[in-house]
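Notes for the one structure printed next.
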Amino acid sequence: MDRVLTFEPSLCTGCRQCEMACSFAHEGVYWPAASRLRLVRFEELCASYPVACAYCDDAPCEEVCPTGAMGRDPSTGYARVLESRCIRCRECVAACPLGAVDLHPKTGHPTRCDLCGGDPACVKVCLAGAIRYEPGPRAAARKRRARVSVRSALEGVPDAEGA
Amino acid sequence: MDLERQVSWTESVPPELVATHIGGRGVNAALLWKLLKRGTDPLGPDNPLIFGTGLLSGTAAPSSGRTTVTCLSPATGWYLKTSGGGHWGVELKYAGYGHLVVHGRSPHPVYLWIEDDRVEFRPAQDLWGLDVRATDRAVKDDLGDEDIQVACIGPAGENLVKFAAVMFSVYNAAGRGGAGAVMGAKRLKAVAVKGGGFVGVAQPARFAEVIDRCRESLRRDTGFDGLSRYGTSGSLAVVNELRALASYNFRRGHVEDVSNLTGQHLSAAGYLRRRVACASCIIGCHRYAGVRSGPFAGTESGGPEYESFVALGSGCGLFDTEAILKANELCNIYGLDTISCGGVIQWAMECVERGVLRPGDLDGVDLTWGNGTAVVEMVGRIARREGLGDILAEGVRRAAERVGGDSYKWAVQAKGLEQSRVDTRSAKAYALAFAVNPRGPDHLMTETFAEFGASPEARALMTRLTGDEAKIDPLCPERRGAVVRWHEDCYAVTDGLGFCAFTTTALYGITPELMAEAYSAATGRETTAEELLRAGRRVVTLEKCINVREGATRADDVLPYRMMNEPLADWGTADVRNSQAELDAMLDEYYDLHGWDRETSWPRRGTLEALGLSDVASELAALGRVPG
Chain A
1 MDRVLTFEPS LCTGCRQCEM ACSFAHEGVY WPAASRLRLV RFEELCASYP
51 VACAYCDDAP CEEVCPTGAM GRDPSTGYAR VLESRCIRCR ECVAACPLGA
101 VDLHPKTGHP TRCDLCGGDP ACVKVCLAGA IRYEPGPRAA ARKRRARVSV
151 RSALEGVPDA EGA
Chain B
164 MDLERQVSWT ESVPPELVAT HIGGRGVNAA LLWKLLKRGT DPLGPDNPLI
214 FGTGLLSGTA APSSGRTTVT CLSPATGWYL KTSGGGHWGV ELKYAGYGHL
264 VVHGRSPHPV YLWIEDDRVE FRPAQDLWGL DVRATDRAVK DDLGDEDIQV
314 ACIGPAGENL VKFAAVMFSV YNAAGRGGAG AVMGAKRLKA VAVKGGGFVG
364 VAQPARFAEV IDRCRESLRR DTGFDGLSRY GTSGSLAVVN ELRALASYNF
414 RRGHVEDVSN LTGQHLSAAG YLRRRVACAS CIIGCHRYAG VRSGPFAGTE
464 SGGPEYESFV ALGSGCGLFD TEAILKANEL CNIYGLDTIS CGGVIQWAME
514 CVERGVLRPG DLDGVDLTWG NGTAVVEMVG RIARREGLGD ILAEGVRRAA
564 ERVGGDSYKW AVQAKGLEQS RVDTRSAKAY ALAFAVNPRG PDHLMTETFA
614 EFGASPEARA LMTRLTGDEA KIDPLCPERR GAVVRWHEDC YAVTDGLGFC
664 AFTTTALYGI TPELMAEAYS AATGRETTAE ELLRAGRRVV TLEKCINVRE
714 GATRADDVLP YRMMNEPLAD WGTADVRNSQ AELDAMLDEY YDLHGWDRET
764 SWPRRGTLEA LGLSDVASEL AALGRVPG
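Okay, here's the thing in structure tokens:
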């Protein structure tokens with residue numbers, strides 16, 4: 001697991017293609033309520049913020065699971081929910097600090113981003129560039145470069161408004 | 164929904180109707196034909212208000228989330244379909260419904276709450292009087308849920324302003340023709356929706372493959388990047404150069420410097436906060452823009468779109484970006500159509516200039532060209548129906564009747580609808596399209612931007628439709644019937660599937676062939692582009708028949724006085740106008756192509772029968788309105 005989903009909310013147009021693509025990849029239908037990635041929308045500001053599993057180290061959702069249903073595929077590292085073990089206690093939902101673990105609207109089992117096994121459907125449809133699949137440090141590098149203008153670099157003065 | 168009795172029920176859309184009328188606009192039109200009694204008062208309880216989602220809305224088909232609202236228009240008295248973007252329609256789809264039909268009138272203000280199978284009528288006395296943004300907030304607070312979608316009206320709809328909009332997702336308007344006033348007359352403040360369900364398709368793998376191709380085709384279109392980056396107003400400077408920019412109430416087709424009114428300026432000058440997309444849209448042409456300093460500091464809103472910039476800006480001789488942003492924000496939150504609102508204000512400005520309105524008529528507002536404060540002030544007065552605003556709230560046709568004199572000559576309307584901000588004198592296909600448009604002179608039934616030949620895709624289409632590359636000329640009146648009719652068919656299909664017209668008749672990435680493939684994969688019923696366009700024509704013909712039943716004739720297929728009688732300025736010595744002779748020749752070609760009678764404009768029996776509209780023919784025949 002060398003790559004993660006990174007988000008650039010300021011670029012998100014709120015089109016929900018990601019939720020549609022995610023649910024289609026996992027459910028075979030267009031079902032945002034069952035999407036592993038969800039948009040937090042602020043309608044009156046036309047702003048949206050994508051949220052999905054961040055693949056935390058020592059993931060709280062896995063630690064609190066009393067049955068071992070929340071886990072990762074030992075060979076690939078992608079998230080896996082063993083529904084046969086799940087007792088639908090919802091501890092994982094309570095434990096996730098991001099709100100990235102939800103309950104499937106039909107089965108009630110937890111849903112969590114599995115990165116589509118290494119080829120995330122949401123990334124492919126995000127033309128705005130708000131969702132990427134890349135090594136974590138690359139997002140930070142991109143953010144630094146976007147924030148610093150050539151002028152501020154030459155003059156040695158940080159540019160708060162960005163390039 | 165019956166608001167009178169506060170009951171709701173569900174009915175299935177018959178599968179054969181999906182085959183013949185597609186969905187969205189087409190199915191809405193079929194429902195209206197069935198439900199509307201001849202001679203109904205548009206603002207009475209018996210005018211059905213029909214919301215329709217596109218057949219593909221809720222799927223990931225790119226830009227397929229538009230919603231059509233259908234009723235009899237209080238502005239024109241004729242058929243109205245008006246459509247909006249945003250996210251409300253797909254939410255309704257996820258709740259399990261394709262269409263919502265509202266009957267009757269509630270005894271008191273009410274709002275509807277639809278959560279999957281649960282439908283509630285909730286009191287809205289406390290919401291009455293709130294603006295659109297506050298209504299959206301209050302509904303979410305009342306229901307204790309942020310993840311719901313709201314369609315609502317603002318004070319303009321409550322006050323029955325003839326061009327009040329139905330607003331979706333706060334800033335997306337179904338603006339034209341006054342559907343917001345119909346909603347207000349029903350005392351229906353809002354429809355809140357949350358859907359936890361899914362939208363499936365008959366052949367998932369094939370559908371996914373088709374919409375991948377739709378997405379790729381759209382991205383390859385030469386207009387994609389510009390529309391995405393700069394929004395609809397990104398093309399405003401181009402239209403100015405084409406000398407078709409409706410300025411100073413359509414007295415000018417060109418102004419010296421229009422740069423303040425462009426999408427490029429919104430970005431460069433720091434007004435643009437972010438790009439915004441409707442449901443499933445990969446273009447994202449919508450804007451969210453604001454003003455940080457100066458007299459209009461604190462302004463923030465969706466838009467402005469091309470039409471809003473021209474209607475509230477250059478049309479009023481106003482080139483102050485910040486005043487236009489403010490006026491646009493107020494239109495949005497009062498729930499007003501920016502096109503008509505700008506239209507009535509600039510008509511009043513011309514009345515002042517010509518002395519038809521006197522200072523005593525203006526309640527202290529200085530309505531001289533280019534006065535941004537006055538434009539901003541009038542928006543509120545119209546929505547609240549104060550003073551002159553009460554007269555303007557009736558639209559320019561009725562306002563001109565009231566004010567009198569020669570003011571009808573610069574009331575730029577036909578059928579009672581203010582013309583959208585395209586000058587038809589220098590664009591002949593637009594002229595024909597606007598004249599025959601059942602809802603009035605407007606671009607959102609038939610968008611013939613191709614006639615300008617502004618992109619390779621447009622030139623290819625025009626060559627195909629006219630059979631002659633030399634006819635790619637907006638001043639050429641020949642073969643415009645063929646151009647208009649293809650765009651009509653294509654637009655009706657576009658609206659039926661829920662696609663945005665920008666994907667099919669402004670950009671051309673989503674072709675009728677791709678739409679047919681998407682339809683086939685979604686429904687499992689094989690169709691072809693030809694058959695789908697034929698369904699489009701069936702819908703267009705049915706819409707015409709709704710107006711024929713209400714009494715429309717060829718005499719109603721007209722253009723505003725100014726278009727017909729005054730040459731467009733900025734064309735030197737050329738006499739650029741829409742003469743009656745020129746329009747008549749185009750109408751003859753158009754009616755002939757359709758199989759409609761030249762004299763009356765009514766569809767012939769054979770035409771109706773060939774389209775499978777025999778029942779429509781019988782009903783019109785009983786009224787003596789089916790020529791042989």
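In the order they appear, the protein sequences are chains A and B.
Each residue of the first sequence is one higher than the one before, starting from 1 at the first, in this note's numbering.
Each residue of the second sequence is one higher than the one before, starting from 164 at the first, in this note's numbering.
Glycine included, C-beta positions come from ideal geometry on N, C-alpha and C.
| Asked | Found |
| --- | --- |
| Can you grab the Cα-Cα spacing for the pair B/Tyr393 / B/Gln427, in whole Å? | 6 Å |
| Determine, for B/Ile635, whether the minimum Cβ-Cβ distance to residues of chain A falls below 8 Å. | no |
| So, under 8 Å CB-CB, B/Gly506 and B/Ala486 are touching, yes? Tell me the CB distance rounded to an integer number of Å. | Rounded, the Cβ-Cβ distance is 17 Å, inconsistent with contact. |
| Which stretch, first to last residue, makes up the beta strand (DSSP E) that contains B/Met625? | Element bounds for B/Met625: not the beta strand (DSSP E) but the alpha helix (DSSP H), 619-629. |
| Here's the rule: buried if 16 or more other CB atoms are within 10 angstroms of the residue's CB, otherwise exposed. What is B/Asp747? | exposed |
| Classify B/Leu676 as helix, strand or coil using the three-state DSSP reduction. | The amino acid at residue 676 of chain B is misidentified as Leu; the sequence shows Glu. Correct three-state label for B/Glu676: helix. |
| Give the single residue among B/Gly267, B/Leu263, B/Gly480, B/Thr231 whose Cα lies nearest to the Cα of B/Trp276. | B/Leu263 |
| Please report the residue range of the beta strand (DSSP E) in which B/Val277 lies. | Looking at the sequence shown, residue 277 of chain B is not Val but Ile. Here the beta strand (DSSP E) through B/Ile277 covers 273-278. |
| Where does A/Ala141 land, buried or exposed, given buried means 16+ other C-beta within 10 angstroms? | exposed |
| Tell me where the beta strand (DSSP E) around B/His449 begins and ends. | 449-453 |
| Which one of B/Lys197, B/Asp569, B/Leu628 has the shortest CA to CA distance from B/Cys708? | B/Lys197 |
| Do you know offhand how far B/Thr462's Cα is from A/Val51's? | 29 Å |
| What residue range is occupied by the uninterrupted beta strand (DSSP E) comprising A/Pro50? | 47-51 |
| Could you name the residues of chain A that B/Gly363 contacts, counting a contact when the two beta carbons are closer than 7 Å? | Val29 |
| What residues from the segment 118-152 of chain A come within 8 Å of chain B, judged by C-beta to C-beta, listed N to C? | Val125, Leu127, Ala128 |
| Report the rounded CA-to-CA distance for A/Arg16 versus B/Val539, giving the unit in angstroms. | 34 Å |
| Determine the DSSP secondary structure at A/Leu71, reduced to helix, strand or coil. | The question names Leu, yet the displayed sequence has Gly at residue 71 of chain A. Strand. |
| Check whether the segment 771-782 of chain B and the segment 723-738 of chain B touch, using three or more Cβ-Cβ pairs below 8 Å as the test. | no |
| Taking 8 Å as the threshold (beta carbon to beta carbon), is A/Arg90 in contact with chain B? | no |
| Judging by CA-CA distance, which residue of B/Tyr257, B/Cys441, B/Thr233, B/Phe331 is the nearest neighbour of B/Ser227? | B/Cys441 |
| Against chain B, with Cβ distances strictly below 8 Å, would A/Pro50 count as a contact? | no |
| Residues bridged to B/Leu580 by DSSP? | B/Ala577 |
| Please classify B/Trp649 as buried or exposed, where buried requires at least 16 neighbouring CB atoms within 10 angstroms. | buried |
| Any chance the segment 215-234 of chain B sits against the segment 661-674 of chain B, with 3 or more Cβ pairs inside 8 Å? | yes |
| Compare the C-alpha of B/Val354 against each of B/Gly363, B/Asp375, B/Gly465, B/Leu290 and name the closest. | B/Leu290 |
| Quick check on the DSSP output: the alpha helix (DSSP H) that includes A/Pro138 runs from which residue to which? | The displayed chain sequence assigns Arg, not Pro, to residue 138 of chain A. Here the alpha helix (DSSP H) through A/Arg138 covers 136-147. |
| Kindly indicate if chain B contains any beta-carbon less than 8 Å away from that of A/Phe7. | no |
| For B/Ile445, return the contacting residues in chain A, with the cut-off set at a CB-CB distance below 7 Å. | Cys15, Gln17, Leu127 |
| Pull up the distance between the alpha-carbon of A/Ala47 and that of B/Glu729, whole angstroms please. | 46 Å |
| Helix, strand or coil: how does DSSP classify B/Asn495 here? | helix |
| Taking A/Cys96 as the query, report the chain B residues whose CB atoms sit under 7 Å from its CB, ordered along the chain. | In chain order: nothing, as chain B lies at least about 18 Å away. |
| Do we get a CB-CB distance below 8 Å when we pair A/Ala33 with the residues of chain B? | yes |
| Using a beta-carbon distance below 8 Å, is A/Arg43 in contact with chain B? | First, the residue type needs correcting, since residue 43 of chain A is Glu and not Arg in the sequence shown. By this cut-off, A/Glu43 is an interface position. |
| Where does the unbroken beta strand (DSSP E) through B/Cys234 begin, and where does it stop? | 230-235 |
| So B/Tyr242 packs on B/Glu706, CB below 8 Å; how close in whole Å? | 5 Å |
| Using only alpha-carbon positions, find the residue among B/Ile673, B/Val302, B/Tyr434 that is nearest to B/Ala452. | B/Tyr434 |
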